[in-house]
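Chains as they are written, first to last, in numbering that gives the first Met the number 0: chain A, 0 to 179; chain B, 0 to 179; chain C, 0 to 179; chain D, 0 to 179; chain E, 0 to 179; chain F, 0 to 179.
There are 6 protein chains.
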Amino acid sequence: MRGFYIGRFQPYHNGHHRMVQEIASEVDELVLGIGSAGDSHTPRNPFTAGERIMMVTKAVSDLDVTTYAVPIEDLDRNSVWVSHVQSMSPAFDVAYSNNPLVIQLFTEAGVEVRQSPMFNREVLEGTEVRARMVEDRDWESLVPDEVAEVVYEIGGIERIQNITASDGSGDVAENHPDTA
Amino acid sequence: MRGFYIGRFQPYHNGHHRMVQEIASEVDELVLGIGSAGDSHTPRNPFTAGERIMMVTKAVSDLDVTTYAVPIEDLDRNSVWVSHVQSMSPAFDVAYSNNPLVIQLFTEAGVEVRQSPMFNREVLEGTEVRARMVEDRDWESLVPDEVAEVVYEIGGIERIQNITASDGSGDVAENHPDTA
Amino acid sequence: MRGFYIGRFQPYHNGHHRMVQEIASEVDELVLGIGSAGDSHTPRNPFTAGERIMMVTKAVSDLDVTTYAVPIEDLDRNSVWVSHVQSMSPAFDVAYSNNPLVIQLFTEAGVEVRQSPMFNREVLEGTEVRARMVEDRDWESLVPDEVAEVVYEIGGIERIQNITASDGSGDVAENHPDTA
Amino acid sequence: MRGFYIGRFQPYHNGHHRMVQEIASEVDELVLGIGSAGDSHTPRNPFTAGERIMMVTKAVSDLDVTTYAVPIEDLDRNSVWVSHVQSMSPAFDVAYSNNPLVIQLFTEAGVEVRQSPMFNREVLEGTEVRARMVEDRDWESLVPDEVAEVVYEIGGIERIQNITASDGSGDVAENHPDTA
Amino acid sequence: MRGFYIGRFQPYHNGHHRMVQEIASEVDELVLGIGSAGDSHTPRNPFTAGERIMMVTKAVSDLDVTTYAVPIEDLDRNSVWVSHVQSMSPAFDVAYSNNPLVIQLFTEAGVEVRQSPMFNREVLEGTEVRARMVEDRDWESLVPDEVAEVVYEIGGIERIQNITASDGSGDVAENHPDTA
Amino acid sequence: MRGFYIGRFQPYHNGHHRMVQEIASEVDELVLGIGSAGDSHTPRNPFTAGERIMMVTKAVSDLDVTTYAVPIEDLDRNSVWVSHVQSMSPAFDVAYSNNPLVIQLFTEAGVEVRQSPMFNREVLEGTEVRARMVEDRDWESLVPDEVAEVVYEIGGIERIQNITASDGSGDVAENHPDTA
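See the structure below:
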């Protein structure tokens, strides 16, 4: 049986990893959908799809199940989102999510969805990890070692700090390249 | 004379219907533009274009004028919006709107616009109808019978309640499929 | 039961109309999907979606079944095409088509498809109608009267002749606005 | 040496002009990138790209350096933004910006960026100019004379006032053409 | 009076230049629309919009009329093309074109179009210039000196020769980056 | 050192596999870019990105180097293609390609490209594999065993045969869903 689990993985952290380990015990193969793949260089989405593929692939390499890390670009059309995901991913039998919209869309399309209380923690942890990166507090303990290595390799801390910086006008910069 | 009246119709309700009846007394044919046609499955835009076409077509079927229900996808370019509407719609002589931007765009393009105090009520009613759907309070009395039937046929109440649900993390879910 | 029948309807002609009459005897409601809705002003796609909605709506107005004329913009992603159609159209139980790709896509999505030998004739007739329009030969006898009226109302013959014209360089003009 | 300076120029005002004069003393040729080129008819982005090209071109016509006014449409993909700018602009050696995201993106792409304390003033001035236009207070003294002429020629004051108007429902209108 | 003249300018050559000189005698200001602005690196469209802006701006710098070089990205929607052009360009009173589709679109939108027998020659010359570039035959005599300089500055001859090269499989390479 | 190798992999065949084995001897990690990721269900691009990810991942699972299978959607903008690829892929040091456009684009962007005579063979083999699939001749011997299994699992042979079928009008069907 093949399972599908989607996240933005900005970055992939221990909350995701615990969830993946849980799912791995229920499936033979696991697809990790990397959502909002086209977004990067914003405080909420600092890392590119390619950087997140590296994080995820390295962090799950020692799991026993076959895993696929698949970037999913946003289409901004909820009504075709399930088809879009299905076309970009190896076929899957069950989707894992606690997001009400994701659950509703998969359910309307006839795809089985499984929920877990563990999901909520992840959302909180993603925000916490990024906040610590900006403030130079310990974030490494919240992510797998392989992820920390990727973040250092790509200069990720400098990037997230720079794009979250004040521009001197008293406001945090809007993260759009032509707001000058 | 052919008139054009645009709304998101999420859903088509009695405020819209009174307005349509008023316009119908001034024109021979009426085009009902279904705005933001690509949006669906959000608390503010719960229904697909196809579902809204059904609502509108059934609700206006007993009017004496010929009507067209035409979905209009967003282009996100105000400067070409009038041309886009004109290409998707049977040619029209007059547009009905109270929205300042719509009025400005049609006016710059040389299209006659007619306003009515009735328009404002509709905007308020759309929000009210959706709030009642979420809270399981009487919404049926605010919409034509044909619309209520369509909403039930498509499982609309369950959908809007699910996508407006809290995800357990203390926040109402962002309505984007990859926020997990 | 609701049926779905898609065509480009450039223009809607007698071959389409015979097909629609045939389908109308099998269904309660019929959705007419107007394909490539964003295309216009080319020799192969001379008419806008709005013009084609007018042709179709007027030509089928005396049928006994409820009909919907629904423009479908191209998404250029075969894998999400069925979802796109389903989101823009009232829900349907069966699709009518002889196009191998349309059949394959609906079949993979679990939608029943019905074929008919009458379909092939239509494709040929569309090309014939446009050729006669360009060459000023009798095309009116190949389309319903209501369609001929719309074509005249919008200046359709002059348009298709102009855009098919030679540009004097020895070649028929490429139909792209910036080839000068 | 060729320099690149990007702004939304809604409208081009004295703060921009002082900056351009400063940059002009450091370069041989100057490219003025007109950001968010596809946006117009909103309170924050009232003018079209074509109108802004006119403002900028006329205002800088007496500078000694060769200038280019180049509209840059948004791509909504930060990771390809530098390539997009480079493909739409004459090749440049140095970019001028105080925006942290712009600085980060150019720096990651290996483009030299120069900053100046003057930039911050501009951002504030753009907001101030538009507010005065809406409230019919003196805005002309904040922009070059050529810009004021363009604003009057295109009916810009009437436009920004109309699209910022209340729609009577108690709220300022959302600037989206189909909110009726 | 302001005139508008559109071309792909791949590259800007003597045929364009004679045409521009002719138009310049009829107008006060001239907008040069650079069509298919997003295309580059193909045998038919070798140069980026930025490179073409440079060619055009330098080649017309000694004309007496004010000129604007404005890139126009393709929208692939003929029905909104005129609005798109109008939003990206300073307002113009007359358009110059011999292209039947351009003429039809501007005419339907109520814009005056002027034709000239000189246009046809340009189309032929563009093809000829590119063929000579590929074959290393004299192309410099067909373009203004300023254009030849830009082509050399950007390594344009090497580029057009490389992308037109055989890939060794017996076919000229399809110009799409992922055909390997 | 990390290498990048792009192909459409429609399907992944022995020619690709020999190439991958060759590259694997030169690099520590290998990114396999799956081009035209959004295309599927056409005679030339029968398989979805998800199906191709499965083929590639299974076929290279016994190589000694770490591999990434990354779908790359077309952007239709050659000038930003390298940035797009770089944002979707783990960072790479060298690209492998014989395609002249790919070579030119990477070279202009300063990325090292390596060529090999083996590439040409692949292009020919892809066409051959698809032709045999359509004609029910032995294609299994041209692809790795894992790929044949995926093709059978997804009903790939039936699909490619159906979408390549004649539609009875004497022509092979155009592969566009709305040509009826």
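Ideal Cβ positions, reconstructed from N, Cα and C, are used throughout, including at glycine.
Compute the Euclidean distance between the alpha carbons of residue i and residue j, then round it to the nearest angstrom.
i, j, result
"MET53(D)", "LYS57(E)", "18 Å"
"ASN161(C)", "GLY154(C)", "11 Å"
"GLN114(D)", "LEU104(D)", "14 Å"
"ILE159(A)", "PRO143(F)", "43 Å"
"ASN13(F)", "SER82(F)", "30 Å"
"VAL64(A)", "HIS16(F)", "24 Å"
"VAL93(D)", "LEU100(D)", "16 Å"
"PHE91(A)", "VAL112(A)", "11 Å"
"ARG76(A)", "VAL150(B)", "20 Å"
"ALA23(B)", "TYR4(C)", "30 Å"
"GLU28(E)", "ARG7(E)", "20 Å"
"ILE102(C)", "SER60(B)", "32 Å"
"ASP137(D)", "PHE46(D)", "19 Å"
"GLU148(B)", "VAL26(B)", "28 Å"
"GLU72(E)", "ASP135(A)", "43 Å"
"GLU139(E)", "PRO176(C)", "28 Å"
"LEU235(F)", "LEU74(A)", "In the structure as shown, chain F starts at 0 and stops at 179, and residue 235(F) therefore has no counterpart that could be examined."
"THR178(E)", "GLY125(E)", "Residue placement at THR178(E) is poorly supported in this model, since its pLDDT is 46, which falls under 50; the coordinates are not used for a value here."
Would you say residue i and residue j are within 9 Å of each other, going by their C-beta atoms?
i, j, result
"ARG1(D)", "PRO89(D)", "yes"
"VAL55(C)", "TYR95(C)", "no"
"GLY37(A)", "ALA48(A)", "yes"
"ILE110(E)", "THR66(E)", "The residue asked about is misnamed: residue 110(E) is Val in this sequence, not Ile. Cβ distance not < 9 Å, so VAL110(E) and THR66(E) don't count as in contact."
"ASN44(F)", "GLN85(F)", "no"
"GLU127(F)", "LEU141(F)", "yes"
Among the options, which residue has its Cα nearest to the Cα of residue i?
i, options, result
"VAL146(F)", "MET18(F), PHE3(F), PRO42(F), GLU50(F)", "GLU50(F)"
"GLY34(E)", "PRO42(E), TRP80(E), ILE156(E), ASP92(E)", "TRP80(E)"
"ALA187(B)", "PRO42(B), TYR4(B), GLY6(B)", "The question about residue 187(B) has no answer here: the residues shown for chain B are numbered 0 through 179."
"MET132(F)", "GLY125(F), ILE156(F), VAL59(F), TYR4(F)", "ILE156(F)"
"GLU107(E)", "MET87(E), SER78(E), GLY125(E), GLU134(E)", "SER78(E)"
"ALA164(C)", "GLU124(E), GLY125(E), ASN97(E)", "ASN97(E)"
"VAL19(F)", "SER39(F), GLU148(F), LEU74(F), ALA68(F)", "ALA68(F)"
"LEU62(D)", "GLU21(D), ASP137(D), ASP135(D), GLU124(D)", "GLU21(D)"
"SER39(A)", "ASP73(F), GLU72(F), MET87(F)", "MET87(F)"
In terms of residue numbering, what span does the alpha helix (DSSP H) encompassing residue i cover?
i, result
"PRO99(B)", "99-107"
"GLU50(E)", "48-58"
"GLU139(E)", "No alpha helix (DSSP H) holds GLU139(E); DSSP gives it neither H nor E."
"ARG158(C)", "155-162"
"ALA147(D)", "144-152"
"VAL84(D)", "80-87"
Where do the N-terminal and C-terminal ends of the beta strand (DSSP E) with residue i fall, by residue?
i, result
"GLY6(B)", "1-6"
"ARG17(C)", "Unbroken run through ARG17(C) is the alpha helix (DSSP H), 13-23; no beta strand (DSSP E)."
"ALA94(B)", "93-95"
"GLU72(C)", "Per DSSP, GLU72(C) belongs to no beta strand (DSSP E) and is neither H nor E."
May I ask you to list the residues that DSSP assigns as paired with residue i?
i, result
"GLU28(A)", "ARG1(A), THR65(A)"
"ARG113(D)", "TYR95(D)"
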